[in-house]
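Asks: Input: one structure, supplied below.
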Amino acid sequence: MEITVAEALVKCLEQEQVEVIFGYPGGAILPVYDALYHSSIRHVLVRHEQGAVHAADGYARATGKVGVVMATSGPGATNLVTGIANAYMDSVPLVLFTGQVPTSQVGTDAFQEVDITGITMPVTKHNYLVKDAAQLPRIVRNAFHIASTGRPGPVLIDIPKDVAQTVIDFKYPEMVQLRGYKPTYRGHPNKIAEAARLIAASERPVIYAGGGIINSRASQELLALAETINAPVTNTFMGLSSFPGDHPLFLGMLGLHGTRAANLAVTNCDLLIALGARFDDRVTGKITEFAPNAGVIHVDIDPAEIGKNVQVHVPIVGDVKQVLQELLARLEKRNDTRWLEQIQAWKEQYPLAYRRDDGELKPQYVVEKLYEITRGDAVVATDVGQHQMWVAQYYRFKRPGSLISSGGLGTMGFGLPAAVGAQIGLPGERVILVTGDGSIQMTMQELATAVEQELPLKIIILNNYSLGMVRQLQQLYCEGRYIAVDFKFHPDFELLARAYGIRGYTLRTEKDVDDLLPGALEAPGAVLVNCLVSAAENVNPIVPAGKSISEAIDC
Amino acid sequence: MRHTLAVLVENNPGVLARVAGLFSRRGFNIDSLAVGRTENPDVSRMTIVVEGDARVLEQVTKQLHKLVDVIKINDITADEYVDRELVLIKVNVDPAQRGEVMQIADVFRARIVDLGRKTLTLECTGNDGKINAFEESLRPYGIKELVRTGKIAMLRGSKYTGLQDNGARDE
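Chains as they are written, first to last, in the numbering used here: chain A, 5 to 559; chain B, 87 to 257.
Here is the structure:
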């Protein structure tokens, strides 16, 4: 079939069963958009390219499918960079197409030219500049394969305008041929047997489960493991929602703002079973005092994560779902209760708590109410900051993948576009964005996308008129010298909602929340709820910089 | 400790940038890097000499493996191998000193590749110990210019670093 590369690209996307593209057009990508004119693939026009990549990211996390992005050359491409880095850090499968200036102009500093493959090399799993038009179908095939297999990640394809217009003989490759890319899915049987022996011999095991559980859809296996060996489970931030938040074996999140029970359990355990987690600095605190007396079993699909930050006794490279299935077959039921009694004592001694007696509306209260109203059965997107940590602490997730948030990169502005993408991927589900007054204003323009796409998004702003997380850091580490953290002006968010043609609410008291929040969540269409919350509230507990996670304080 | 890695990569544009970028952003130290195509025109071979302990080397190898264009990595440090480097050195030499310098060249089996009115340009191959010694013996005359290729290496005997299984340690 003789067609242009642009037409071939659209055919490739159809072959990959792409249903939706998040994008923003421009000159260099013009031929591709022209080819899209005749396709049934839905295109969601965002208001800024960063919105496109976060939306595709939210879509991918919500559905497990590959998120697809299109943007033009130059500024269109550079506007994607934050979102690409975000997806790379959180292992989210994306394929991004950027237009490029015609081949003859590449390297001449042409109008809207930028070396986007060079710029994104450190933040993509792989990227391509298409020089040979005939290679495009193979490149697209490879890109989808690379993005979605092994440890997922973003793949970028940069297409010069003249290449897009070149006529090729199109045939979609049936096979992927990549001799340098062969992820390992099956764990080594000897290592799995060794892990089973260590588990049988341990007295105080803790399961430390990360985002890999969600990527690998291994929540059932995780639950089975915990219940078989009667071990408590703690989640990394990325791992939240992979284990039922109301399960008696659940410790909550660990690390910097983790529960004391989780941090004490890890510090005192004799065996740490790390599953699809990467010993990130926010998790480990002072690394030499992280699980100091424990043997470590580490299961991960990315061999480079094993042994990167801590010494591992049983390394298992493989897909965590498959590895757990094989491990479970070798395990026997354990019923040692002494360790669980200790865990229970810590949980009772150190519950998450905040003061409610000072008459102010507390952000934690809003999150608790959200949990009550939804009974944990909603897809919750967040932005980055204090509100994000309160969601992690107080919302008890039920369904794997129902938390959509920027973990590794910590990208303020991720939330709204990601919620847009999630809602597009899950049209029948309740999608709630919990955001802050700082974060929402970084990508607020995507409200227009949400309204245009008729999405029933529920947006909750925990508004403390400040950049609370930084404020908290300045309180703790700069002796209260607050600089550049308090907002003297905000738009009237309720009015702003009205400007976008959606319902807006302002909640000031617990009573407002009790009376109005349930109705706001049930209202049709998009809704924006501005909660004016206590400005002085801190995220507690917190592990001070350089300390062991067992030394958390309240500030 | 210094390790010598033989790395087979796809002969794609940008592959050198990917490898070099990886080393710089992860803070790994490259001692030398030499690259060229192999008997198979689709495949290039890099010989990378990298400084670090076992843990650093493990990370280097694993991170390199994550690059889609990297096909195979062999750490040949512990194997028997031949390694060579080529150096070109331009030395200040008065006509009166030529004989002396040519004797030094003889000792190192170096060759004179160019002759100027007051200079000699010499070419020498060998492992880095020999190249360093050669450089030291010429230093008193005044080295005007020196350029080294970086090390290339190959396993001895019937073992080889190729795309097929070869009996060498595959990291």
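A virtual CB, placed ideally from N, CA and C, is assigned to each residue, including glycine.
At which residue ranges does the region 46-124 of chain A contain complete beta strand (DSSP E) runs of 3 or more residues, listed in the order of the chain?
Replies: Listed in chain order, the complete beta strand (DSSP E) runs (minimum 3 residues) inside the region 46-124 of chain A are 46-49, 71-75, 98-104.
Asks: Report the neighbours of Thr121(A) on chain B: residues whose CB is nearer than 8 Å to its CB, in chain order.
Replies: Result: Gly100.
Asks: Quick one, are the C-beta atoms of Ile123(A) and Thr86(A) less than 8 Å apart?
Replies: No, these two residues do not count as a Cβ contact at 8 Å.
Asks: Within a Cβ cutoff of 7 Å, which residues of the same chain sit near Asp273(A), ignoring the five residues on either side of it in sequence?
Replies: In the sequence as presented, Asp is not what sits at residue 273(A); that position holds Cys. Closer than 7 Å at Cβ, skipping near neighbours: Arg208, Pro209, Val210, Ala295, Ala298.
Asks: If we count the other Cβ atoms within 10 Å of its Cβ and call it buried at 16 or more, is Ile229(B) buried or exposed?
Replies: It is exposed - the Cβ of Ile229(B) has fewer than 16 other Cβ atoms within 10 Å.
Asks: What do you reckon, are the CB atoms on Ile320(A) and Ile301(A) nearer than 8 Å?
Replies: For Ile320(A) and Ile301(A), yes; Cβs fall inside 8 Å.
Asks: So Leu260(A) and Leu407(A) are supposed to be a Cβ contact under 8 Å. How far apart are they, rounded?
Replies: Not really, about 17 Å apart at Cβ, beyond 8 Å.
Asks: Please classify Leu249(B) as buried or exposed, where buried requires at least 16 other C-beta atoms within 10 Å of its C-beta.
Replies: Exposed, because fewer than 16 other Cβ atoms sit within 10 Å of the Cβ of Leu249(B).
Asks: Report back the beta-carbon spacing between Glu53(A) and Ala75(A) to the nearest angstrom; my notes put them in contact at under 8 Å.
Replies: Yes, Glu53(A) and Ala75(A) are in contact; Cβ-Cβ is about 5 Å, under 8 Å.
Asks: With a threshold of 6 Å on Cβ separation, who are the neighbours of Lys158(B) within its own chain once the five nearest residues in sequence on each side are excluded?
Replies: Closer than 6 Å at the Cβ level, and outside the excluded window around Lys158(B), lie Leu94.
Asks: Of the residues that make up the region 158-174 of chain B, which ones have a beta carbon closer than 7 Å to any beta carbon in chain A?
Replies: Within the region 158-174 of chain B, no residue qualifies.
Asks: Please go through the same chain and pick out, in chain order, the residues whose beta-carbon is closer than 7 Å to the beta-carbon of Lys351(A), but skip the five residues on each side of it.
Replies: Around Lys351(A): Ala265.
Asks: Between the region 497-519 of chain A and chain B, which residues of the former have CB atoms less than 9 Å from a CB of the latter, in chain order?
Replies: Flagged: no residues at all.
Asks: Check Gly253(B) in the structure and name its three-state DSSP category.
Replies: With a pLDDT of only 45 at Gly253(B), under the threshold of 50, the placement of this residue in the model should not be trusted, and no figure is reported.
Asks: Thinking just about the alpha-carbon of each residue, which of Glu309(A), Leu525(A), Ala204(A), Tyr398(A) is nearest to the one in Val146(B)?
Replies: The shortest C-alpha separation from Val146(B) is found at Glu309(A).
Asks: Who are the Cβ neighbours of Ser152(A) in its own chain at under 7 Å, not counting the five residues just before and after it?
Replies: The answer, listed in chain order, is Val70, Pro97.
Asks: Counting along the chain, where does the beta strand (DSSP E) carrying Asp192(B) start and finish?
Replies: No beta strand (DSSP E) contains Asp192(B), which is instead part of the alpha helix (DSSP H) from 184-193.
Asks: Comparing C-alpha positions only, which one of Ala333(A), Leu258(A), Phe115(A), Ile172(A) sits nearest to Pro193(A)?
Replies: Ranking Ala333(A), Leu258(A), Phe115(A), Ile172(A) by Cα distance to Pro193(A) puts Ala333(A) first.
Asks: State the DSSP-derived secondary structure class of Gly472(A), mapped to helix, strand or coil.
Replies: It is helical.
Asks: Nearest to Val154(B) by alpha carbon, out of Ser206(A), Asn146(A), Lys462(A), Tyr63(A)?
Replies: Cα-wise, what sits closest to Val154(B) is Asn146(A).
Asks: Looking at C-beta atoms only, is the number of pairs between the region 493-511 of chain A and the region 457-474 of chain A that lie closer than 8 Å three or more?
Replies: Segments in contact, yes.
Asks: How many angstroms separate the CA atom of Pro545(A) from the CA atom of Pro187(A)?
Replies: Looking at the two C-alpha atoms, the distance is approximately 39 Å.
Asks: When you check each C-beta in the region 278-310 of chain A against every C-beta of chain B, which residues fall closer than 7 Å?
Replies: So the list reads Pro307, Ala308, given in the order they occur along the chain.
Asks: Are the beta-carbon atoms belonging to Gly157(A) and Tyr212(A) less than 8 Å from one another?
Replies: No, Cβ-Cβ distance for Gly157(A) and Tyr212(A) is not below 8 Å.
Asks: For Tyr375(A), which residues of its own chain have a beta-carbon under 7 Å away from its beta-carbon, when the five flanking residues on both sides are left out?
Replies: Closer than 7 Å at Cβ, skipping near neighbours: Tyr398, Tyr399, Arg400.
Asks: If you follow the beta strand (DSSP E) that Thr510(A) is part of, which residue opens it and which one closes it?
Replies: Per DSSP, Thr510(A) belongs to the beta strand (DSSP E) from 507-511.
Asks: Output yes or no for whether 8 Å exceeds the beta carbon distance between Gln326(A) and Gly412(A).
Replies: Their beta carbons are not under 8 Å apart, which means Gln326(A) does not touch Gly412(A) by this criterion.
Asks: Kindly list the residues whose CB is nearer than 7 Å to the CB of Val455(A), restricted to its own chain and excluding five residues on each side of it in sequence; keep chain order.
Replies: Taken in chain order, the residues that qualify are Tyr504, Gly505, Ile506, Ala530.
Asks: Could you check how far apart the C-beta atoms of Leu279(A) and Val303(A) are, in whole angstroms? I think they sit under 8 Å.
Replies: Rounded, the Cβ-Cβ distance is 5 Å, consistent with contact.
Asks: Got a sec: which bits of the region 140-172 of chain A sit with their beta carbon under 7 Å from any beta carbon on chain B, in order along the chain?
Replies: Listed in sequence order: Ile150.
Asks: Starting from Met132(B), trace the beta strand (DSSP E) in both directions and tell me its first and last residue.
Replies: Its beta strand (DSSP E) spans residues 129-137.
Asks: Looking only at C-alpha atoms, which of Arg183(A), Gly311(A), Thr67(A), Ala200(A) sits nearest to Arg141(B)?
Replies: Nearest of Arg183(A), Gly311(A), Thr67(A), Ala200(A) to Arg141(B), Cα basis: Gly311(A).
Asks: Give the residues of chain B in contact with Arg183(A), contact being defined as C-beta atoms less than 7 Å apart.
Replies: Residues of chain B passing the Cβ test: Ile157.
Asks: If you drop the 5 nearest sequence neighbours on each side, which residues of the same chain put their C-beta closer than 8 Å to that of Asp256(B)?
Replies: For Asp256(B), the predicted structure reports a pLDDT of 43, less than 50, and the residue's modelled location is therefore unreliable. A value from the coordinates is still provided. The answer, listed in chain order, is Lys158, Ile159, Asn160.
Asks: Pairs of beta-carbons, one from the region 117-127 of chain B and one from the region 182-190 of chain B, closer than 8 Å: are there three or more?
Replies: Not touching, per the Cβ criterion.
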